[in-house]
Amino acid sequence: MLVEGLNTSIFLPHVCTWDYSRSRSLREKARWYNPFVEKNRWRQALARTRRTAFGRLASLVGATELTTTFWEGLEETLIQADLGIKIVQALIEDLKEIARAEGLTQGDQIVERLRTLLLHHLDMVSNPEPEARPLVIVLVGVNGSGKTTTAARIAHRWLCSGKKVMLAAADTYRAAATEQLKIWGDRLDVEVVSGQPGSDPGAVVYNAAQATLARDVDVLIVDTSGRMHTEHNLMAELQKICRVAGKVISGAPHQVLLVLDATTGQNGLTQAQAFTDAVDVTGVIVAKLDSSARGGVGFAINSVLGIPIQYVGFGETLEDLSTFDAEAFVNGLLTQSETVPP
Ligand SMILES: Nc1nc2c(ncn2[C@@H]2O[C@H](COP(=O)(O)OP(=O)(O)OP(=O)(O)O)[C@@H](O)[C@H]2O)c(=O)[nH]1
Ligand SMILES: [Mg+2]
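Under numbering that gives the first Met the number 0, think of the first position of the sequence shown as 0, with each following residue one higher.
Right under this line is the structure:
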C-alpha cells in the first residue's frame, strides 16, 4: 500500500525486529545507549550544516591575525548556519570584547571561545520527562514537519523503557494520515485509536483518553494534523484537543511538543510562535536535522520561543530520535575532523 508522506525505507527489516520485552539482551541495550554511536549520529546529522556553513571555519581557525576580513568571515559563517541575525551580532560583539580583554590574536583561540559561548547559549533549562501516569503527549506543528514519524519514534522510546503505549490518530482530515499512523502502530504492536475521516479530532482524543484509562496504558501519544499558524479555527481546535484530554485525564496533556522542520530554519520560528501562543507548548522537537544545512536554528529556538529543545530527529527510522544534547550539538557543528573514535 502506498501511503502519502511515508518513505518506504522505514520498512527495512532490521528496524522491524525490536523486542520490547524487558528481557532484551544487555548487548542490544548497549547498542542503543552506546555513547560513541550516539556521538557519531549527532555528527552525521549535522554534516550538512557543518559543511555548508561551519566548513569555512577551517580557514578562519588558521588565521594568525584578527583582521576585519576574519570577523566578517566569522559573521557570514554564523549567519549562513541560520543562527539568526540578533544572536550572531551579539556573539561577534562578545567575541571581540573577549579578544580585547584577553589579548587574543589567533583564529583558533576565537573559535574555542565561540564554542564556549554557543554552549552557554544552549544552557537552557531542560524539561525532565513528567512523572505522570498515564502520561499524555500531544504533537503539534505545521504540515509535513515530521509529527507522525516523531509520534512513532517517541512511542518506540517509551516501549524500549518497558512502558505500555497507545497512539491517537487525531489527524482526521486525511484518511491517509490515519492509515500512516496505523502502519506505525502495526509495526510497533501498539493500539491506535482513530475516527472516521472528517470526524471531530476532539472526539478521537476523548475516546483515546478513555481507552488509556480502561486498558491501563502508561503513555498516550496524540498525533494531530498539520496546520498553518494563520488558521485561527484550526489553532482553536488544538486548544480543544488539549482541553478534552484534560477532562478525561487529570493534568493532561502533560507534554505538548512542537515539531519543527529544521530545513525551514529561521522561517519556522515565526510559525512556531503562533503555536506557543495558542497552546501551552512544553518542548520543541527539531526534526530533519540531517536534511538541513540550517541546523544553527537550534540556537535561536530557546531565545526566541523561550522553550527548550526536547528531542532532535536525525532520520526516518525509529531510532533516529535523540534527546537534546547541547555539547554534542555544538561539537557536531564545530569539529572539523570527519573521523570519530570507534
Ligand atoms: N530526513 C528526515 N526525514 C524525516 C524526519 N522526520 C520526518 N521525516 C520525513 O518527513 C516526511 C513528513 O513526515 P510526517 O511524519 O508524515 O510529517 P507530519 O508532520 O506528520 O505531516 P502532516 O501530517 O502532513 O502534517 C516523511 O517523509 C518523513 O519520513 C527526520 O528527522 N529526518
Ligand atoms: Mg502527520
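Every residue, glycine too, gets a C-beta built ideally from N, C-alpha and C.
Say yes only if the C-beta of residue i is nearer than 6 Å to one or more non-hydrogen atoms of ligand 2, and no if none qualify.
i, result
"K146", "yes"
"A207", "no"
"A154", "no"
"A176", "yes"
Hey, is residue i close to ligand 1, as in C-beta under 6 Å from one of its heavy atoms?
i, result
"N142", "yes"
"D324", "no"
"G197", "no"
"G314", "yes"
"A151", "no"
"A286", "yes"
"D185", "no"
"G225", "yes"
"S321", "no"
"S193", "no"
"S58", "no"
"S302", "no"
"D289", "yes"
Note down, in chain order, each residue of its chain lying with its Cβ closer than 7 Å to the Cβ of residue i, except the 5 sequence neighbours on either side.
i, result
"A202", "G194"
"I78", "I84 and V87"
"D279", "V255"
"S22", "In this prediction, S22 has a pLDDT of 44, which is less than 50 and means its spatial position is unreliable; what the coordinates show is noted afterwards. For S22, where only same-chain residues beyond five positions count, there are no Cβ hits under 7 Å."
"L347", "Residue coverage of the chain in this structure runs from 0 to 341, which leaves residue 347 outside it and unanswerable."
"H228", "V141, Q270, A273 and F274"
"N330", "none"
Tell me the residue span of the beta strand (DSSP E) that contains residue i.
i, result
"T322", "L320 to T322"
"E190", "E190 to V192"
"I136", "L134 to V139"
"I284", "G282 to A286"
Identify the continuous alpha helix (DSSP H) that holds residue i and give its terminal residues.
i, result
"Y205", "P200 to A213"
"V303", "G297 to L304"
"M227", "Here M227 belongs to no alpha helix (DSSP H), and DSSP marks it neither H nor E."
"Q309", "Where Q309 is concerned, there is no enclosing alpha helix (DSSP H), although the beta strand (DSSP E) it sits in stretches over I308 to G312."
"V87", "I84 to E101"
"Q195", "Premise fails: Q195 is in no alpha helix (DSSP H) and is neither H nor E."
"T269", "N266 to A277"
"D185", "A174 to L187"
"E71", "T67 to Q79"
"G331", "A325 to L333"
Going by DSSP, what residues sit across from residue i in a beta bridge?
i, result
"Q254", "I136"
"I220", "I136 and L166"
"L259", "V285"
In chain order, what residues of the same chain lie with their CB nearer than 8 Å to the CB of residue i, ignoring the 5 residues before and after it?
i, result
"L103", "L65, I97, I109 and R112"
"V192", "M165, L166, A167, A168, V203, N206, A207 and A210"
"G197", "T171 and Y172"
Report all residues from its chain with a CB closer than 6 Å to the CB of residue i; omit the five preceding and five following residues, and keep chain order.
i, result
"T147", "Q179, L180 and D222"
"F323", "I308 and V311"
"H164", "Contrary to the premise, residue 164 reads as Val rather than His in this sequence. Result list for V164: A154, W157, L158, V189 and V218, in chain order."
"S321", "V311"
"R55", "T76"
"R49", "L332"
"G264", "D81, R293 and V296"
"T275", "L304"
"P129", "H253"
"A29", "Here A29 scores only 47 on pLDDT, less than 50, and its place in the model is too uncertain to base an answer on."
Around the C-beta of residue i, are 16 or more other C-beta atoms found within 10 angstroms, so that it is buried, or is it exposed?
i, result
"S144", "buried"
"P200", "buried"
"R132", "exposed"
"R293", "buried"
"S249", "exposed"
"R42", "buried"
"F328", "buried"
"G267", "buried"
"A325", "buried"
"S224", "buried"
"Q270", "buried"
"P343", "It is not possible to answer for residue 343, since the shown part of the chain is limited to 0 through 341."
"A213", "exposed"
"H52", "Inspection of the sequence shows that residue 52 is occupied by Ala rather than by His. A52 should be labelled buried."
"R99", "exposed"
"E315", "buried"
"S24", "Confidence at S24 is low in this model, with a pLDDT of 48, below 50, so the placement of that residue should be treated as unreliable; the coordinate-derived value is given next. When all chains shown are included, S24 counts as exposed."
Would you say residue i faces chain D, with C-beta separation under 7 Å as the test?
i, result
"G314", "Absence of chain D from the displayed structure is noted, only one protein chain being present."
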